[in-house]
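Chemist: What follows is a structure written as structure tokens; I'll ask about it next.
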Amino acid sequence: MLLLISPDSVEEALDCARAAAHLDIVDVKKPDEGSLGANFPWVIREIREVVPADKPVSATVGDVPYKPGTVAQAALGAVVSGATYIKVGLHGCTTPEQAIEVMRGVVRAVKDHRPDAFVVASGYADAHRVGCVNPLALPDIAHRSGSDAAMLDTAIKDGTRLFDHVPPDVCAEFVRSAHEADLLAALAGSIKIGDLGRLTAMGTDIVGVRGAVCAGGDRTRGRIDARLVAEFRAEMDRQARAHAAGAA
301 MLLLISPDSV
311 EEALDCARAA
321 AHLDIVDVKK
331 PDEGSLGANF
341 PWVIREIREV
351 VPADKPVSAT
361 VGDVPYKPGT
371 VAQAALGAVV
381 SGATYIKVGL
391 HGCTTPEQAI
401 EVMRGVVRAV
411 KDHRPDAFVV
421 ASGYADAHRV
431 GCVNPLALPD
441 IAHRSGSDAA
451 MLDTAIKDGT
461 RLFDHVPPDV
471 CAEFVRSAHE
481 ADLLAALAGS
491 IKIGDLGRLT
501 AMGTDIVGVR
511 GAVCAGGDRT
521 RGRIDARLVA
531 EFRAEMDRQA
541 RAHAAGAA
């Protein structure tokens with residue numbers, strides 16, 4: 301399982317760089333602009349410069365509307381700025397067909413520029429609260445659009461969590477559906493260290509966190525703490541070993 305950490309500034313990216321041995325992907329976002337709020341191109345560039353070269357940089361392009369051309373341009377901007385993982389929050393898409401249209405534009409824009417870039421179609425576990433596409437449709441949306449991964453997050457950051465909206469057994473089905481479509485499965489949404497056993501058991505490929513590794517557990521006002529990143533990774537590794545031993 302890969303650990304994706306989301307700094308929102310160059311200063312926090314430096315904290316991630318200090319903890320680089322404990323994480324796999326540095327994800328650039330702007331939490332005050334939403335769950336998958338997009339940061340500025342120059343912030344992506346600056347973070348790419350300070351993060352170790354062997355650590356991929358991911359960038360969100362926002363909780364996007366159903367405007368395929370606009371979103372494709374935003375995604376191209378992110379990859380040109382140095383991100384190799386491009387995440388799109390399908391906030392304004394109400395049907396799978398709309399979501400597929402948006403993601404096909406993103407895939408073409410990104411991969412025409414950089415074929416080895418990695419495109420992530422992201423939906424929301426609490427989609428019922430914001431009126432967007434059913435989160436369980438994401439694996440099919442990602443597959444049909446040519447994306448590389450399907451992701452679940454939460455749209456409204458009000459203290460509710462991934463498993464409050466999509467129970468663990470349903471998340472496990474999401475992961476299975478993604479794997480059957482030859483996609484990676486990513487889960488986020490106020491993930492806590494105590495969730496890692498269940499996430500490991502269901503075969504999650506990427507776990508995305510911010511609040512869990514910020515001071516005070518506060519994703520907006522807290523700053524990423526390298527010590528908390530190391531503790532989170534240690535528990536990930538412990539759960540992986542326990543799962544492997546149980547499967548042997």
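Using my numbering, you'd call the opening residue of the sequence shown number 301 and step up by one each time. Where is the CB? At the ideal position from N, CA and C, for every residue including glycine.
1. With distances taken between CB atoms, is the gap from GLY382 to ARG348 smaller than 7 Å?
2. Return the bridge partner residues of TYR385 from the DSSP annotation.
3. Run through the stretch 428-464 for me and flag every whole beta strand (DSSP E) of 3 or more residues, listed as ranges in chain order.
4. At which residue ranges does the stretch 331-378 contain complete alpha helix (DSSP H) runs of 4 or more residues, listed in the order of the chain?
5. When DSSP builds the beta bridges, which residues end up paired with ASP327?
6. Helix, strand or coil, according to DSSP, for ILE493 in the structure here?
7. Identify which residue in ALA409, ARG533, ASP426, ASP363 has its Cα closest to the Cα of ARG461.
8. Whole angstroms is fine: what's the gap from LEU304's alpha carbon to GLU333's?
9. Quick one: what's GLY508 bridged to in DSSP?
10. For VAL407, which of LEU436, GLN398, CYS432, LEU376 has the nearest alpha-carbon?
11. Please confirm whether CYS432 and CYS393 have their CB atoms less than 7 Å apart.
12. Helix, strand or coil: which one does DSSP assign to ALA425?
13. If contacts are defined as beta-carbon pairs under 8 Å, then HIS322 and ALA530 qualify, I think. What distance do you get, rounded to the angstrom?
14. By Cβ distance, which residues of its chain are closer than 6 Å to ALA372, with the 5 residues on each side in sequence left out?
15. State the beta-bridge partners of LEU484 as determined by DSSP.
16. Between ALA515, VAL326, SER447, SER490, which has its C-alpha nearest ALA478's C-alpha?
17. Going by CA-CA distance only, name the one from PRO415, VAL466, ARG533, PRO365 that's closest to ILE325.
18. Would a C-beta distance cut-off of 7 Å place PRO352 and ALA320 closer than the cut-off?
Modeler: A quick look at the data gives this:
1. yes
2. SER358, PHE418
3. 449-453
4. 341-350
5. SER358.
6. helix
7. ASP426
8. 19 Å
9. According to DSSP, which records beta bridges pairwise, GLY508 is partnered with LEU304.
10. Selected option, being the one with the closest Cα: LEU376.
11. yes
12. Coil at ALA425, not helix or strand.
13. Rounded to the nearest angstrom, the Cβ distance from HIS322 to ALA530 is 5 Å, consistent with a contact under 8 Å.
14. GLY405, VAL406, ALA409
15. ALA449
16. SER447
17. ARG533
18. At the C-beta level, PRO352 and ALA320 come within 7 Å of one another.
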